[in-house]
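Numbering (UniProt numbering), first residue to last: 1 to 249.
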């Protein structure tokens, strides 16, 4: 290295892997430069910094853990309570790949908390009893995940004709975040699905009639015989002879 200078360190360095409660994390060291001050410079910065002193670099090192493998329950927990500063790419990466190992309905079963029953008629529940959203970090995290999910992967909720997965999301958002952007997004997505189904039904060509049996087809195509005018039944000659020989009274 150059005399009187320190080599700049890489901002991110792989460290290895850690295992905790059955989950596997990749660990790296993140280095950030800290504010530096020349030793020859006073507290007020009155003296000019020394060129030699300015060559020293100071770093603040922190450990970064990224979840790589775990059971589904642990992955969902990371969605809700994970540290976004530690791994900002976890949520978008998980939402883009989860369908390779779990269906949407099952994931929602782990992600969405149960909706509390409605209060009895005439009974008013205080906000503290239902855990107001502004003070509930986990609920706000679930709402945030659903907002990203609806925005980036809306086709995951297509399940005609009932769209039951989207119905579960609408029910939760109607309770946890009524009137929010996420709730409006879910309602708009349902409207889009229903309008698209109506257009497809209108554009669908009429179905062909089933082919009739060949014998019945030929019978229907054979023209009916017309009865000639003035025709009558032919009486056998034996009847006529017997009639003429009948003795008169």
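All residues carry an ideal CB built from backbone N, CA and C; glycine is no exception.
Any idea what DSSP makes of residue i, helix, strand or coil?
{"i": "residue 112", "result": "coil"}
{"i": "residue 27", "result": "strand"}
{"i": "residue 91", "result": "helix"}
{"i": "residue 66", "result": "strand"}
{"i": "residue 275", "result": "Limits of the chain in this structure are 1 at one end and 249 at the other, which puts residue 275 out of reach."}
{"i": "residue 86", "result": "coil"}
{"i": "residue 199", "result": "helix"}
Could you tell me the alpha carbon to alpha carbon distance between residue i and residue j, rounded to whole angstroms?
{"i": "residue 177", "j": "residue 204", "result": "38 Å"}
{"i": "residue 189", "j": "residue 91", "result": "21 Å"}
{"i": "residue 191", "j": "residue 185", "result": "10 Å"}
{"i": "residue 11", "j": "residue 27", "result": "14 Å"}
{"i": "residue 183", "j": "residue 58", "result": "47 Å"}
{"i": "residue 70", "j": "residue 19", "result": "10 Å"}
{"i": "residue 22", "j": "residue 66", "result": "14 Å"}
{"i": "residue 253", "j": "residue 74", "result": "One cannot answer for residue 253 here, as it falls past the ends of the chain, which runs 1 to 249."}
{"i": "residue 14", "j": "residue 25", "result": "12 Å"}
Between the options, which lies nearest to residue i when the distance is taken from Cα to Cα?
{"i": "residue 138", "options": "76, 21, 163, 121", "result": "76"}
{"i": "residue 173", "options": "156, 162, 113, 163", "result": "113"}
{"i": "residue 180", "options": "100, 146, 197, 202", "result": "146"}
{"i": "residue 116", "options": "82, 13, 171, 15", "result": "171"}
{"i": "residue 106", "options": "199, 21, 14, 169", "result": "169"}
Are the C-beta atoms of residue i and some chain D residue less than 7 Å apart?
{"i": "residue 182", "result": "Absence of chain D from the displayed structure is noted, only one protein chain being present."}
Does the distance between the C-beta of residue i and the nearest non-hydrogen atom of the ligand GDP fall short of 6 Å?
{"i": "residue 66", "result": "No copy of the ligand GDP appears in this structure; indeed no ligand is present at all."}
Are there three or more Cβ pairs, one per stretch, closer than 8 Å when the region 193-201 is compared with the region 153-166?
yes
Does the region 60-71 come within contact of the region 96-111, defined as at least 3 CB pairs closer than 8 Å?
no
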